[in-house]
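In numbering that gives the first Met the number 0, the protein residues as written are 0 to 213.
Below is one structure; the comments refer to it alone.
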Amino acid sequence: MASVLHRTGEWRDGAARDREGVGDSMAWQVDPTRTSLTFEIRNLGLDVVRGVFDDFAVALRAPAGDAPFLAFDLRIQAGSLATGNPERDAKLTGPDFLDAARYPLILFVADRLEPLPDFLHSLAKLHGDLRLRDETRPVEWRIELNSSAEHSNVETEAVFVDTLEIEPAEWGIGHHIPLVGPKLKLILRFIAIDAGEFDITPAGPPPNAPPSQA
């Protein structure tokens with residue numbers, strides 16, 4: 000189930016620090032009923048295996064200035080991975096890949112938001128640190144603002160699709176699993192709404208990803 004965290008410091012293990020271009024956001028919240036975190040990996044370099052993380056939390060962070068984007072921090076329970084194939088799930092959460100028993104959390108902390116030049120002002124990069132197993136490395140999310148809605152000239156809803164591609168081998172994992180190819184893609188979809196306009200209450204799990212094609 001997706002959940003909403005108002006302040007990122009709640010789960011940073013006391014490691015909060017000043018960061019350029021992002022800050023706390025109390026005006027906007029994620030709607031957990033319309034939020035999903037899916038992933039894609041290569042199966043023997045041919046097919047694409049798709050799945051979901053069923054247990055994760057998103058904390059929005061307001062960018063500096065008037066940028067139309069929202070930065071975020073992300074916490075994922077590694078053991079909540081699901082592809083619809085229990086045997087494959089056990090391999091991907093086992094010691095040769097995520098090793099969820101020893102490293103239960105995957106953690107991303109935002110560092111800097113970089114708007115990209117495009118006609119619709121809908122694209123940006125989000126720089127930050129990703130902790131996977133026992134290693135932390137810098138990564139870049141691609142942020143796309145799909146749409147927004149206004150009420151009485153005040154923006155009340157914004158739809159974001161955020162994509163991150165990494166190479167698991169850079170974290171020293173996945174070498175012994177033929178399921179895992181050179182790329183792992185995470186796709187975070189969420190709708191941010193003005194907390195002052197709506198009553199937000201978690202109400203069930205996020206939408207499931209399409210069934211695996213493997």
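Beta carbons are placed, not taken as given, at the ideal position from N, Cα and C, and that holds for glycine.
Taking 6 Å as the limit between beta carbons, can you name the residues of its chain near residue i, skipping five residues before and five after?
| i | result |
| --- | --- |
| Phe-38 | Gly-50, Leu-185 |
| Asp-72 | Thr-7, Ala-58, Val-108, Ala-109 |
| Asp-193 | Thr-155 |
| Thr-92 | Gly-78, Leu-80, Ala-99 |
| Trp-141 | As written in the sequence, residue 141 is Arg, which differs from the Trp given in the question. Here the set comprises Thr-162. |
By Cβ distance below 8 Å, which residues in the same chain neighbour residue i in space, the five residues on each side in sequence not counted?
| i | result |
| --- | --- |
| Trp-170 | Leu-131, Arg-132, Glu-134, Arg-136 |
| Pro-103 | Gln-76, Ala-77, Gly-78 |
Please identify the residue among the options whose C-alpha is closest to the C-alpha of residue i.
| i | options | result |
| --- | --- | --- |
| Ala-100 | Glu-143, Ala-77, Leu-183, Leu-122 | Ala-77 |
| Glu-139 | Asn-145, Val-158, Thr-162 | Thr-162 |
| Ile-105 | Gly-93, Asp-98, Ile-75, Glu-143 | Ile-75 |
| Ala-191 | Thr-155, Ile-40, Glu-164 | Thr-155 |
From what residue to what residue does the beta strand (DSSP E) around residue i run?
| i | result |
| --- | --- |
| Pro-114 | 104–114 |
| Lys-184 | 183–193 |
| Phe-52 | 46–52 |
| Leu-131 | 122–131 |
| Trp-234 | As displayed, the chain neither begins before 0 nor continues past 213, which places residue 234 out of reach and without an answer. |
| Arg-74 | 70–76 |
What is the rounded straight-line gap between the Cα of residue i and the Cα of residue j?
| i | j | result |
| --- | --- | --- |
| Val-160 | Arg-33 | 12 Å |
| Asp-30 | Leu-144 | 15 Å |
| Arg-188 | Ala-89 | 25 Å |
| Glu-19 | Arg-41 | Bear in mind that a pLDDT of 45 at Glu-19, under 50, signals an unreliable position, so the number given afterwards is only what the model happens to contain. Roughly 35 Å separates the two Cα atoms. |
| Thr-200 | Ser-79 | Confidence at Thr-200 is low in this model, with a pLDDT of 34, below 50, so the placement of that residue is unreliable and no value is reported for it. |
| Gly-127 | Ile-165 | 13 Å |
| Ser-35 | Leu-97 | 20 Å |
| Ser-121 | Val-47 | 28 Å |
| Asp-53 | Leu-129 | 19 Å |
| Ala-56 | Phe-68 | 19 Å |
| Val-158 | Pro-85 | 32 Å |
| Gln-28 | Pro-116 | 26 Å |
By the DSSP assignment, the alpha helix (DSSP H) with residue i in it spans what residues?
| i | result |
| --- | --- |
| Lys-90 | 85–92 |
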